[in-house]
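In my numbering, the protein residues as written are 4 to 500. Even for Gly, the Cβ is constructed at its ideal location relative to N, Cα and C.
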Amino acid sequence: MPESQDKECDVLIVGSGPIGCGFARTLLDNDYARNNNLRVIMIDIGQQLSAAPGENLKNSFYYQRNVNNFTPIVQGTMQTISIAPNSDSLPYPADPSSFQPSGLNYCINNINPEQAPEKNMPAAATTYAIGGMATHWTCCIPRTVAGVQRPHPDLGISDAEWESLYPEAERLFAKSDDLFATSLRQQVLFDKLRATYNDRCVRMPLAGQPNGELITWSGSDTVLGPLLDKNAPNGIDRMYNLKILEQHRCTKLVRESNNNSPISYAVVRDLQKKTDMKIKAKFFVVACNPILTPQLLYNSDIRPQALGRYLMDQPMTFCQILLSTEIVSKIKALRDENEEEKGSNAQIDPVPIPVKDFPPAILLIGTQEKPWHVQIHKDTFSYGMVPQSIDPRLVLDLRWFGQMEARESNQVRFDSPRRDLMGMPQPIFETVLSKVDADMQHDMMKEMTEVAMQLGGFLPGAEPRCMPLGTSLHFQGTTRYGREDDGTCVVNPDSQE
């Protein structure tokens, strides 16, 4: 293929999710960058799905009124990373006259003949889009709990430093501590849970701001903040020298000469034009996600021993309930205290919850004894779609997120000659739960069912279950940091190779 025109900049950012956009915002939103015309190029393998780069698609009026119908949108934006052949059996045998490949020689849409089903993370997925998964995320942003969910300070970042950095991150995400303060369901459910779980029960911190009867949910566009101008031709304020290139794949990073020299340029492919270019930069930021970042490093022959290893997920338990008559009666009593709400729809609506009532969003934080975090709310995921005949105001999602031990043997590797959907090395998972991991998930299930029975009854078809590995989408560990280059880490505490 012929090469298109090469480019040059001060900083190249690969990946346009919240992390990549956080780098862009921090680099450009200051006097030094403006006075010195700092040039930043941000590329993403996916396309732009909204007018503003990286907007949360849940900001649609329609989806906020009928959040259930956002589920197919989430499903449509996520690509499963590694699919074991024949993992989804047909309901009955195929017509014997149809072509059926011999053996396991599938090689399309990430169907992966080298993937052992028992070591897979079958629900692990990625979003190819400007904004990444922030185009459809839940926007729950609790802080990690020191000594429970946070890397040990000996690895290079103290608890004091964590606490000093959180306020800036929360500012970039436009965090709200009590976004649903007026929600009737929130008030009743919070009081009920607080009485049992005391200080573990808190209002869920969310990335979003009120917008009348709606919510403006934060996305990567929120993180970019003042860098954007909706009236500009490309959506970028001309004060800032930022270019966002959609549907551009960073194929590899190339060093100047040897393995110890700095990166000189990136080989980038325009997927629409099918042309390659070199983008030279003084600095390179790789912010693709915990699977695609090690994939790019591997393809660039940057292969430290720990790359892709120590892979961890947050194993999940999940169920949905229908609110109890007792809970709904308390909500009705609150509604009836408001004369406007009492008379607005009460005569024709058998559900005494205003249509405009914001959903609940409650968190049970982790402790040493119960080192998991809990989200009790009503939102949209790639699973848990409510039947259309069920009023979603009566449904509550209960999600328990656990932890996994950091073990070198749990990994994602890229040594297959096969290529994934986007033409990069096919990821292969080798991940199993330890006994400690499994016992934790069992304990999570026990607590989840106890909480559920306090609030209502299980929605038929959404009874308590352990979710497939990867469901949380909260992967970590594959580019872990550490103080010493001892083979157990990929970067230093400043995220540098």
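What does a CB cutoff of less than 8 Å around residue i pick up in its chain, not counting 5 residues either side in sequence?
i, result
"Asp13", "Leu41, Arg42, Val43, Ala284, Lys285, Phe286"
"Leu310", "Pro297, Leu300, Tyr301, Thr481, Thr482, Val493"
"Ala455", "Cys322, Ile324, Leu401, Phe461, Pro467"
With a threshold of 6 Å on Cβ separation, who are the neighbours of residue i within its own chain once the five nearest residues in sequence on each side are excluded?
i, result
"Gln250", "Gln50, Leu274, Gln275"
"Arg153", "Thr147"
"Arg312", "Glu411, Gln414"
"Arg396", "Val354, Ile356"
"Tyr66", "Phe73"
Quick check on the DSSP output: the beta strand (DSSP E) that includes residue i runs from which residue to which?
i, result
"Asp400", "398 to 404"
"Ile46", "43 to 46"
"Gly460", "459 to 461"
"Leu209", "209 to 214"
"Arg416", "414 to 416"
"Lys10", "10 to 17"
"Leu52", "Counting along the chain, Leu52 falls outside any beta strand (DSSP E), and DSSP gives it neither H nor E."
"Glu329", "Glu329 -> not in any beta strand (DSSP E); alpha helix (DSSP H) instead, spanning 328 to 339."
Please name the residue, chosen from the options, that lies closest to residue i on a Cα-to-Cα basis.
i, options, result
"Glu173", "Leu337, Leu30, Cys142, Lys438", "Cys142"
"Ala235", "Thr320, Glu453, Pro56", "Pro56"
"Thr138", "Gly464, Phe384, Asp339", "Phe384"
"Asn262", "Leu15, Glu500, Glu11, Ile22", "Glu500"
"Ile305", "Lys333, Thr254, Phe176", "Thr254"
"Lys359", "Asp9, Ser85, Phe183", "Phe183"
"Gly20", "Met280, Val288, Gly238, His155", "Val288"
"Ala290", "Asp9, Asp418, Gly18", "Gly18"
"Leu30", "Val226, Pro208, Val205, Gln82", "Val226"
"Ser419", "Ala409, Gly426, Ile431", "Ile431"
"Leu187", "Phe361, Ser303, Asp98, Asp34", "Phe361"
"Val398", "Ala269, Met407, Gln189", "Gln189"
"Ala409", "Leu192, Gly23, Leu314, Gly79", "Leu314"
Going along the chain, which residues of its own chain have a beta-carbon closer than 7 Å to the beta-carbon of residue i, five neighbours each way excluded?
i, result
"Pro229", "Asp32, Asp240"
"Asn244", "Asn40, Leu41, Arg42, Val43"
"Ala27", "Ile16, Val43, Met45, Leu227, Leu230, Leu245"
"Pro471", "Pro125, Ala126"
"Asp181", "Arg206"
Quick one: what does DSSP say residue i is sitting in, helix, strand or coil?
i, result
"Gln298", "helix"
"Gly79", "helix"
"Trp140", "coil"
"Lys359", "coil"
"Cys492", "coil"
"Tyr66", "helix"
"Trp375", "coil"
"Val354", "coil"
"Pro5", "Low confidence applies here, because Pro5 scores a pLDDT of 48, under 50, leaving its location unreliable; read the following figure in that light. Pro5: coil per DSSP, three-state reduction."
"Arg37", "helix"
Could you give the first and the last residue of the continuous alpha helix (DSSP H) run that contains residue i?
i, result
"Asn267", "Going by the sequence as given, residue 267 is Ser instead of Asn. Here Ser267 belongs to no alpha helix (DSSP H); instead the beta strand (DSSP E) covers 266 to 273."
"Leu30", "21 to 31"
"Val191", "187 to 200"
"Lys283", "From DSSP, Lys283 is part of no alpha helix (DSSP H) but of the beta strand (DSSP E) over 278 to 289."
"Glu171", "162 to 175"
Which complete alpha helix (DSSP H) runs does the segment 204 to 256 hold, if anything under 4 residues is left out?
Inside the segment 204 to 256, DSSP marks whole alpha helix (DSSP H) runs of 4 or more residues at positions 223 to 227, from first to last along the chain.
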